[in-house]
Amino acid sequence: MSRRYLLWFAQEYLDFRLAEMQSILSMLKIEIKYVEKSYNKPYWIVELPSESCIKKIASRSVLIKSCIELWSSANTEERLHENLKSAMKNDSGKWIVESVTGESNDNHICHSSLLTVCSDPSKSFKIEVETFCKHFSMKEKVEKIELFSYLPLEGPVKLNNPDMKFSYIEFYGVDPNNVPKQPEQLFFGRWIVDGQRDLIQALSLKKRNFIGNTSMDAQLSILMANQAQVTMGDIVLDPFVGSGSLLVAAAHFGGNLNICYVWGSDIDFMMLHARTRPTRK
Ligand SMILES: C[S@@+](CC[C@H](N)C(=O)[O-])C[C@H]1O[C@@H](n2cnc3c(N)ncnc32)[C@H](O)[C@@H]1O
2 MSRRYLLWFA QEYLDFRLAE MQSILSMLKI EIKYVEKSYN KPYWIVELPS ESCIKKIASR
62 SVLIKSCIEL WSSANTEERL HENLKSAMKN DSGKWIVESV TGESNDNHIC HSSLLTVCSD
122 PSKSFKIEVE TFCKHFSMKE KVEKIELFSY LPLEGPVKLN NPDMKFSYIE FYGVDPNNVP
182 KQPEQLFFGR WIVDGQRDLI QALSLKKRNF IGNTSMDAQL SILMANQAQV TMGDIVLDPF
242 VGSGSLLVAA AHFGGNLNIC YVWGSDIDFM MLHARTRPTR K
């Protein structure tokens with residue numbers, strides 16, 4: 002049975018989102034079904050054969066922030082809660098999708114088998130609230146969390162390193178100058194895995210001893226390594242290597258043993274020997 006996931010993206014480099022995903026999917030030989038794929042919204046809804054597929058994709062993607070096993074999606078708060086309550090009774094083993102006013106307003110109701118993880122009393126949990134294009138105070142977020150009290154969550158609440166994390170997301174559109182009173186779309190599901198956003202800091206130019214004026218930004222370097230489908234055992238040559246940012250990202254994807262060989266050449270001898278005027282000391 003394929004599972005439905007919400008991919009929550011960083012709202013940047015929108016032009017590279019599909020390219021990064023297609024490269025990762027073809028490199029990992031994973032078949033995906035796009036249920037909803039918009040260009041400018043920070044989320045896609047997809048179907049994949051298993052949880053391990055979404056984990057593999059997230060282990061490479063720098064544009065994905067997090068991946069959530071979708072349990073319910075709706076265009077009003079009331080409807081989202083109704084859907085979740087219906088999900089508890091949906092024994093069909095299938096998703097129920099009701100179209101309200103077009104594709105983006107579909108109501109997604111999951112099958113009850115997904116919710117069985119809730120009822121394990123030995124598993125601690127927490128519910129996280131994320132809002133896009135609107136800010137809420139902690140008190141308001143707690144009030145939203147309390148509305149989920151009907152869920153059969155048996156385990157204890159644990160805020161640090163819980164066994165299970167649930168995500169409640171309210172999406173208020175993408176125009177910060179025209180934020181609607183009510184969210185356009187709402188989602189609830191079980192958090193599965195984060196993407197590789199931390200890698201941007203880990204490979205940041207700020208951490209390097211020597212960079213040049215044209216050093217490639219870390220996020221773009223990671224994106225390019227993904228588009229080149231760099232993986233363990235590959236040999237990567239950057240003929241215009243400069244201070245080597247692209248190769249740093251490529252080498253990272255060589256795996257823990259770093260078995261990815263990288264070579265560079267450059268016309269600028271001083272650059273290759275880090276003797277141009279240092280931009281950082
Ligand atoms: C944009 S920078 C390279 C950035 C680098 N790839 C990175 O990952 O940060 C372009 C580099 O190309 C080098 N270059 C320009 N013309 C070249 C040529 N004809 N042959 C080799 N290198 C050249 C420059 O010296 C410069 O270091």
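In terms of our numbering, the sequence shown opens at residue 2 and continues consecutively. Ideal Cβ positions, reconstructed from N, Cα and C, are used throughout, including at glycine.
For residue i, write down the residues that DSSP places opposite it in a beta bridge.
i: Lys127; result: Lys166
i: Arg191; result: Glu70, Phe167
i: Tyr158; result: Residue 158 is actually Val in this sequence, not Tyr. Val158 pairs with Phe126.
i: Arg5; result: Glu48
i: Thr132; result: Glu171
i: Glu37; result: Ile46
i: Gln186; result: Phe172
i: Val263; result: Val237
Three-state secondary structure (DSSP) at residue i?
i: Tyr197; result: Rather than Tyr, the amino acid found at residue 197 in this sequence is Gln. If DSSP states are grouped into helix, strand and coil, Gln197 belongs with coil.
i: Asp239; result: strand
i: Val231; result: coil
i: Val180; result: coil
i: Phe211; result: coil
i: Phe10; result: strand
i: Phe17; result: helix
i: Leu152; result: coil
i: Ala252; result: helix
i: Ser216; result: coil
i: Phe270; result: helix
i: Glu32; result: coil
i: Leu224; result: helix
i: Ser244; result: coil
i: Ser27; result: helix
i: Leu204; result: coil
Of the residues the options, which one's Cα is nearest the Cα of residue i?
i: Trp72; options: Met217, Lys159, Ile97, Phe189; result: Phe189
i: Lys34; options: Asp199, Lys57, Val47, Val249; result: Val47
i: Ser24; options: Gln228, Thr277, Ile236, Phe270; result: Gln228
i: His109; options: Ala20, Val242, Ala59, Arg4; result: Arg4
i: Leu81; options: Pro177, Glu32, Leu152, Thr117; result: Leu152
i: Thr215; options: Val249, Met225, Phe241; result: Phe241
i: Trp253; options: Ser266, Met225, Thr277; result: Strictly speaking, residue 253 in this sequence is His, with Trp absent from that position. Here the closest residue by C-alpha is Met225.
i: Val130; options: Pro157, Val143, Lys57; result: Val143
i: Trp45; options: Lys66, Ser51, Lys57; result: Lys66
i: Gly234; options: Leu221, Asn210, Val263; result: Val263
i: Gln1; options: Cys54, Leu8, Glu21, Leu15; result: No information on residue 1 is available, as it lies outside the stretch 2 to 282 that the chain covers here.
i: Cys119; options: Leu148, Met89, Leu64; result: Met89
i: Pro43; options: Lys124, Lys86, Lys145, Asp16; result: Asp16
i: Ser246; options: Cys54, Ser205, Phe270, Ile260; result: Ser205
i: Asn161; options: Ser125, Ser138, Ser87, Ser150; result: Ser125
i: Ala251; options: Gly243, Val237, Ser244; result: Val237
i: Asn210; options: Leu49, Arg276, Lys140, Lys95; result: Arg276
i: Phe137; options: Asp164, Leu154, Tyr173, Ser113; result: Tyr173
i: Cys134; options: Met217, Lys30, Leu187, Ile260; result: Leu187
i: Ile69; options: Ile55, Leu200, Arg198, His112; result: Ile55
i: Phe167; options: Ser150, Lys30, Val249, Pro181; result: Ser150
i: Pro163; options: Met139, Pro122, Asn178; result: Pro122
i: Ser60; options: Lys86, Arg198, Lys208, Arg18; result: Arg198
i: Thr232; options: Ile212, Lys208, Gly243, Ile260; result: Ile260
i: Asp176; options: Ile170, Pro184, Ser51; result: Pro184
i: Glu32; options: Tyr40, Ser53, Ile201, Arg18; result: Ser53
Could you tell me whether the Cβ of residue i comes closer than 7 Å to any Cβ of chain D?
i: Phe211; result: Among the protein chains of the structure shown there is no chain D, as only one such chain exists.
#### Entry: Those runs of the alpha helix (DSSP H) which lie wholly inside the region 47–122 and span at least 4 residues
Runs found: 52–59, 78–90.
### Residues whose Cβ lies closer than 7 Å to any heavy atom of ligand 1, in chain order
Every residue passing the under-7 Å Cβ criterion appears here: Gly213, Thr215, Ser216, Met217, Ser222, Asp239, Pro240, Phe241, Val242, Gly243, Ser244, Gly245, Ser246, Leu247, Leu248, Ser266, Asp267, Ile268, Asp269, Met272.
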